[in-house]
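Student: Quick note, the sequences are listed as chains A and B, same order.
Going by the working numbering, the first residue of the first sequence is number 1, and it counts up by one from there.
Going by the working numbering, the first residue of the second sequence is number 1, and it counts up by one from there.
Quick one: the structure is below, questions incoming.
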Amino acid sequence: MIGLRSKRIVSDTIIYIVLTVMVVIWLFPLVWMVLRAFDVNKSATSSTVFPQEFTFDNFKNLCAGDAYEQFPYGRWLINTFVIALGSCIISTLMVLMVSYALSRLRFKARKKLMNISLILGMFPGFLSITALFYLFSSVGLAGRSDFDMPFINLIGLMLAYSLASGTGYYIVKGFFDTVPIAIDEAARIDGATKNRIFWQMIIPLSKPIIIYTILTSFIGPWCDFILASVFLSGANNLTIAVGIRQWIDSQVLTGSHFARFCAGGVLIAVPITILYLIMQKFYVAGITGGAAKG
Amino acid sequence: MDGQNATAKTVPNWKKYNRPWYQRFGIAVWSYLKNVGFMIWSVLKHIPFAVWHLIKSVGLCFCGLWNRFTDGDWRTKISYLIFGFGCFSRGAKQLLKGLLLFAFEVLFILYMIFIGGPNLANFGSLGTTPQTEDPSGIGMTEVYDDSMKILLFCVMSLFFIIFFAYMYVKNTKIAYETQKRVEAGKGLSSTKQQLNFALNDGYHVTVLALPILGIVLITVLPLVTNILVAFTNYNYLHEPPKELFHWSGFEAFVELFGKGYGSSLWSVLGWTLIWAVFATFTNFFFGMFLAMIINKKSIKLKIFWRTCFVIVIAVPDFITLMMISKFFSYSSSSTFTGAFNLILKNWFGIVDGGGIDWFGTTLNNPMAARTMVIVVNMWRGMPFTMLSTYGILMNIPEELYESSRIDGAGPVRRFISITFPYIMFVMGPSLLTTFTGNINNFNVIFFLTAGQPGQSGNTPGATDLLITWLYRLTVNNNKSQFALASVIGIFTFLITSFFALIVFNSSKSVKQEDTFQ
């Protein structure tokens, strides 16, 4: 018995050491970024790894620093938030409706629709990006750099993110499939319409997967770069991802904006990190739940 | 429940082949290719049937149209010209329904007159009058053609015409059925009953109408248009509205696969596949390993360990990846070099001067760049696998382990015979999805190296994937090649679908979706 126990202690110690080393490696770049966000030294290069003196100036400068007109981080933050929130609401509704129809209702074209959406998913998303931009700009919802209506571009982008989100129904449909059909039948006998069953029975029963959908469809546009980079122009109209990319390409950044860039990164990471930590258990449930059923 | 069955099935399979590993590997590859072959064959052999089916149903449609016309009364006959006439001419109950049908017809006709018609007329030439400087000398002309818009609206009109044809048949059916109900002396349904139908038996139409409209507009329409662009000469020399582009057949295909870009294409494809294999499997195996050691019973602070890794994926990837690229940056002078080189120099004294050029951008080292991209991708991707594997591990029935322990199985045996098959059963399909996702993994490459090193003009760099190359050919490029980019996109689709076919057929969800209901 003692031999077995000491063997276990040895193997556990090894595991703890491995885990600690890995956590250090995994978190080191992030810790470095957070510390650099408070650095007095604003340039990308320094003679020491960690900052020598700390300050809050970088965060203050995000909302009004030098060259703010060129890199208006505050505006980007608002833009990103508006887009992410708007498209999150629309996509969640779309996904829920499609999932309900494909999971619960039986109609002739059902299998065909599912196959078509599978095939559509195989096309690389930005094969269609040029035409999509043309489509939106011909209705005046994209590519406008006039400053009198800055929000028009954002609305266009919001619609482009969310209107077609019905194809991402897999996980939610997988969840709906597990809700017993007996519930529907009982409600049908009591005379409820399918509409009522959907809103008053299925939706309240699917809270975790709905929260999961809301969070993922918020994070998607919040982090997206490709579509935004094509749709948006004019420093004031950008989202964080596009703006920060332009920032990092500019010479200013390596010279005197690097600490501010880190501060901006930390600021935008905080809400998503909190969302992820909340989402952890839904994430596990969502992925495996969906995967077990395909 | 599923898992237990899976293990019961999988375990004998693992023992069955008493062969060395390379033979088993060969068998696996062979059966994979065989399956793909069979699948392609089974798709192909359905094509003649599908065509025949299509012709038959169109024929039946016309027969139905004719029969209903000859059998219909005057109201039904007028419905063939004026939508919904059979409904709204029969009284207030059907008024709303009839008027909606009529409004649709009016909308279609207006669309065809003002947008559809003029654009369809230009479909062959894709426009004749480019935008030029205004004769008066101020600004640009206001009446001009734009090839891309013409193409886009032609496709849109095509969709609209198909939908109109469908609605036309539907409209005659409705008129005919209404007539039959009246003739049989049954009452017509009231507006309230029709609304109730929309919320009940016809609920799928109500719920799906908006999402499908969205998908057609945002996904299908641009997709078809951009596929058509592959058959034109749309590039920086023919950029509408100042210079129009025209149909050019397979020229762009010839340029991409032939002398023009042939060698770059195959090297990019090779790297894309290598990248996808490494990115998928390193993440999968190391992530699984990580989940297993965290999940080990005697390990404490499980949530703490898990959270540490989750934080890494919680930070948006465009931030972390750009930051990492600065973290590993390099300069030959020690004052300008990145933080990681400083660590090696100041803390460990391993390197001197500027340190090592990790991403090979300055010293043009493709191998370094490629290795680094895969390593950083592990940093980014392992936590994802860890999270999902962790959930699966907790679901494995404990009895399986207990009985195996009684049978005297060691930890390695338990992993090979229980844990791994179980994880593969659940993760197998998603593994292939991850693989196809990695073929199209834009962010990691774009934000880390942007395809460097070795880019010049439109020639791809050492770490460029098909997808990042496509992006660079089109966005913010003064030598843009839109037609070429479309061909690359189609090519990527073919490759992705080759692998996705497997998921499509092996995924049990399609067949067993009712299991849990």
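Positions of the beta carbon are idealized from the N, C-alpha and C atoms, including for glycine.
Check whether chain B comes within 9 Å of P29/A, counting only Cβ atoms and requiring the distance to be less than that.
Tutor: Within the first sequence, numbered from 1, the residue matching residue 29/A stands at position 29. Yes, P29/A counts as interfacial toward chain B.
Student: Counting only beta-carbon separations shorter than 9 Å, does I155/A have a partner in chain B?
Tutor: In the first sequence, the residue the question calls residue 155/A occupies position 155. Answer no: the Cβ-Cβ gap between I155/A and chain B never drops below 9 Å.
Student: For S456/B, I'd like the list of residues in its chain whose CB is within less than 7 Å of its CB, leaving aside the five on either flank, ordered along the chain.
Tutor: By 1-based counting over the second sequence, the position of residue 456/B is 456. Answer for S456/B: no residue qualifies.
Student: Which residue's Cα is closest to the Cα of D134/B: V51/B, K242/B, S267/B?
Tutor: As a first step, residue 134/B must be located in the second sequence, where it is residue number 134. It is K242/B.
Student: What did DSSP end up calling D39/A once you bin it into helix, strand or coil?
Tutor: Here residue 39/A is taken as the residue at index 39 of the first sequence, counted from 1. Three-state result, D39/A: strand.
Student: Got a sec? Which residues, its chain only, sit under 8 Å from Y390/B by beta carbon, not counting five neighbours each side?
Tutor: Taking the first residue of the second sequence as position 1, residue 390/B is located at position 390. So the qualifying residues of the chain are A291, I294, N295, R306.
Student: Assess contact between the segment 257-266 of chain B and the segment 137-149 of chain B, defined as three or more Cβ pairs (one per stretch) separated by less than 8 Å. Is contact present?
Tutor: Judged by Cβ distances under 8 Å, the segment 257-266 of chain B makes no contact with the segment 137-149 of chain B, as fewer than three pairs qualify.
Student: Determine contact between the segment 77-93 of chain A and the segment 441-461 of chain B, defined as no fewer than three beta-carbon pairs at a distance below 8 Å.
Tutor: The segment 77-93 of chain A vs the segment 441-461 of chain B: no contact.
Student: In whole angstroms, what separates the C-alpha of G381/B from that of L159/A?
Tutor: To locate residue 381/B, count along the second sequence from 1; it is residue 381. To locate residue 159/A, count along the first sequence from 1; it is residue 159. Answer to the nearest angstrom: the Cα atoms are 29 Å apart.
Student: Going along chain A, which residues have a C-beta under 8 Å from N119/B?
Tutor: By 1-based counting over the second sequence, the position of residue 119/B is 119. Per Cβ cutoff of 8 Å: no residues; N119/B is ~11 Å from chain A at best.
Student: Buried or exposed, going by whether 16 or more other CB atoms sit within 10 Å of the CB of Y234/B?
Tutor: Taking the second sequence and counting its residues from 1, one reaches residue 234/B at position 234. Looking at its Cβ environment, which holds 16 or more other Cβ atoms inside 10 Å, Y234/B is buried.
Student: For E105/B and F85/B, I'd like the C-alpha separation in whole angstroms.
Tutor: Residue 105/B sits at position 105 when you count from the first residue of the second sequence. Residue 85/B sits at position 85 when you count from the first residue of the second sequence. Cα-Cα distance, rounded: 11 Å.
Student: Per DSSP, which residues does S456/B bridge with? Please list them.
Tutor: Position 456 of the second sequence, counted from the start, is the residue given in the question as residue 456/B. T459/B.
Student: May I ask you to list, following chain order, the residues of the segment 362-384 of chain B that have a beta carbon less than 7 Å from some beta carbon of chain A?
Tutor: W379
Student: Below 6 Å CB to CB, which residues in the same chain sit around A175/B once its five sequence neighbours on both sides are set aside?
Tutor: Here residue 175/B corresponds to residue number 175 of the second sequence, with the count starting at 1. Closer than 6 Å at Cβ, skipping near neighbours: T76, S79, G86.
Student: Quick check: is the beta carbon of T206/B nearer than 9 Å to any beta carbon in chain A?
Tutor: Residue numbering aside, residue 206/B sits at position 206 when the second sequence is read from its first letter. T206/B counts as touching chain A.
Student: So, with DSSP's three-state summary, where would you put W358/B?
Tutor: Along the second sequence, read from residue 1 onward, the residue named residue 358/B stands at position 358. Correct three-state label for W358/B: coil.
Student: For L85/A, I'd like the list of residues in its chain whose CB is within less than 6 Å of its CB, leaving aside the five on either flank, ordered along the chain.
Tutor: For the purposes of this step, residue 85/A is identified with residue 85 of the first sequence, where counting begins at 1. Cβ neighbours of L85/A beyond the five flanking positions: none.
Student: Does the Cβ of K108/A have 16 or more other Cβ atoms within 10 Å, making it buried, or fewer, making it exposed?
Tutor: Residue numbering aside, residue 108/A sits at position 108 when the first sequence is read from its first letter. Counting Cβ neighbours within 10 Å, K108/A comes out exposed, since fewer than 16 surround it.
Student: Please list, in chain order, the residues of the segment 186-217 of chain A that have any C-beta partner in chain E closer than 7 Å.
Tutor: Looking for chain E here will not work: the only protein chains present are A and B.
Student: When the Cα atoms are used, what is the spatial distance from I15/A to L30/A?
Tutor: What you label residue 15/A is simply residue 15 of the first sequence in a count that begins at 1. What you label residue 30/A is simply residue 30 of the first sequence in a count that begins at 1. Roughly 23 Å between the two C-alpha positions.
Student: Figure out for me which residue from A182/A, C223/A, A67/A, N41/A has the closest Cα to the Cα of L77/A.
Tutor: The residue you call residue 77/A lines up with position 77 of the first sequence. For L77/A, the nearest C-alpha among the options comes from C223/A.
Student: Does the segment 107-127 of chain B touch the segment 155-169 of chain B, meaning 3 or more C-beta pairs lie closer than 8 Å?
Tutor: yes
Student: Buried or exposed: where does K56/B fall if 16 or more other Cβ atoms within 10 Å of its Cβ makes it buried?
Tutor: Along the second sequence, read from residue 1 onward, the residue named residue 56/B stands at position 56. With fewer than 16 other Cβ atoms within 10 Å, it is exposed.
Student: Quick check: P316/B and I152/A, are their CB atoms within less than 9 Å of each other?
Tutor: The sequence position of residue 316/B within the second sequence is 316, counting from 1. The sequence position of residue 152/A within the first sequence is 152, counting from 1. No, the Cβ-Cβ distance between P316/B and I152/A is not below 9 Å.
Student: Sort F56/A, V82/A, N58/A by Cα distance to S162/A and report the nearest one.
Tutor: By 1-based counting over the first sequence, the position of residue 162/A is 162. Nearest of F56/A, V82/A, N58/A to S162/A, Cα basis: V82/A.
Student: Taking I313/B and L27/A to be in contact with their CB atoms under 8 Å, please state how far apart those CB atoms are, rounded to whole angstroms.
Tutor: Looking up residue 313/B in the second sequence gives position 313. Looking up residue 27/A in the first sequence gives position 27. Not really, about 12 Å apart at Cβ, beyond 8 Å.
Student: Please name the residues in the segment 78-112 of chain A whose beta-carbon is closer than 7 Å to at least one beta-carbon of chain B, in chain order.
Tutor: The residues in question are M94, M97, V98, Y100, A101, L105, F107.
Student: Does chain B have any CB closer than 9 Å to the CB of P165/A?
Tutor: Against the first sequence, residue 165/A aligns to sequence position 165. Looking at the sequence itself, residue 165/A is Ser, so the reference to Pro does not match. At least one chain B Cβ lies under 9 Å of S165/A.
Student: Could you name the residues of chain A that F489/B contacts, counting a contact when the two beta carbons are closer than 7 Å?
Tutor: As a working note, residue 489/B is residue 489 in the second sequence. This sequence places Gly at residue 489/B; Phe is not what is there. Result: P124, L127.
Student: Determine, using beta carbons only, whether W552/B and N441/B come nearer to each other than 9 Å.
Tutor: For residue 552/B there is no data in the structure shown, the boundaries of chain B being 1 and 517.
Student: Can you pull the chain B neighbours of F231/A, defined as C-beta to C-beta under 9 Å?
Tutor: As a working note, residue 231/A is residue 231 in the first sequence. None at all; the shortest Cβ gap to chain B is about 11 Å.
Student: State the DSSP-derived secondary structure class of T128/B, mapped to helix, strand or coil.
Tutor: Against the second sequence, residue 128/B aligns to sequence position 128. Per DSSP, reduced to three states, the secondary structure at T128/B is coil, with no helix or strand assignment.
Student: With a cut-off of 9 Å, does the C-beta of L342/B fall near any C-beta of chain A?
Tutor: By 1-based counting over the second sequence, the position of residue 342/B is 342. At least one chain A Cβ lies under 9 Å of L342/B.
Student: Decide if the segment 38-55 of chain B is in contact with the segment 134-144 of chain B; the criterion is three or more beta carbon pairs, one per stretch, under 8 Å apart.
Tutor: No: fewer than three Cβ pairs fall under 8 Å.
Student: What is the DSSP secondary structure of T20/A, counted as helix, strand or coil?
Tutor: Translated into the one-based positions of the first sequence, residue 20/A becomes position 20. Reduced to three states, the DSSP call for T20/A is helix.
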